[in-house]
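Engineer: For the sequence shown, numbering that gives the first Met the number 0 gives the first residue as 0, with consecutive numbering after it.
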Amino acid sequence: MHEMIQSIAGVNVIAEFTSEGKMIPLAIRWKTGRIYKIDKVTYNCDCVGVMSSKNAQRYLITIGSQQRHLFYEANGRWFIEDKKHVLEA
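1) Round the Cβ separation of I13 and A26 to the nearest angstrom and send it over; I've been treating them as touching at under 8 Å.
2) To the nearest angstrom, how far is it from the Cα of K39 to the Cα of I62?
3) Looking only at DSSP bridge pairs, what is V47 linked to?
4) Using the C-alpha atoms, what's the distance from R33 back to I60?
5) Could you spell out the range, first to last residue, of the beta strand (DSSP E) harbouring I37?
6) From this set, D45, S18, A73, which residue's C-alpha is nearest R57's C-alpha?
7) If distances are taken between C-alpha atoms only, which option among T31, R28, H68, V10 comes closest to Y42?
This is the structure in structure tokens:
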């Protein structure tokens, strides 16, 4: 049996701000410098931050065939789920 362990990675995000003040993430710049275009934002909602207990926004995004949660915390930092860690049970 395989078990996916989620970790959180800090990332840079390219975002658009609408005239109504809505923030829309467009792309992610990974630690290596590679830029990944966000193909779809399925939804976003308020949540508690993953690195702090402050308010945050959680986005469900699609990049290629992969879905991830992207978090924007009140301190202005972005984090994304990193699902690279697989454990064998």
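Just so it is clear, CB atoms sit at the ideal spot from N, CA and C, and this is done for glycine as well. Note that this is a predicted model, so its numbers are computed, not measured.
Structural biologist: The answer reads as follows:
1) Translated into positions along the sequence shown, residue 13 becomes position 14. Translated into positions along the sequence shown, residue 26 becomes position 27. About 4 Å; that satisfies the 8 Å criterion.
2) Taking the sequence shown and counting its residues from 1, the one referred to as residue 39 is at position 40. Taking the sequence shown and counting its residues from 1, the one referred to as residue 62 is at position 63. Straight-line Cα distance between these residues: approximately 7 Å.
3) The count along the sequence shown starts at 1 and reaches residue 47 at position 48. Its beta-bridge partners are N54.
4) By one-based count along the sequence shown, residue 60 stands at place 61. By one-based count along the sequence shown, residue 33 stands at place 34. Answer to the nearest angstrom: the Cα atoms are 17 Å apart.
5) For the purposes of this step, residue 37 is taken as the residue at position 38 of the sequence shown. No beta strand (DSSP E) holds I37; DSSP gives it neither H nor E.
6) Looking up residue 57 in the sequence shown gives position 58. Comparing Cα-Cα distances from R57 to each of D45, S18, A73, the minimum goes to D45.
7) One-based indexing of the sequence shown puts residue 42 at position 43. Closest by alpha carbon: H68.
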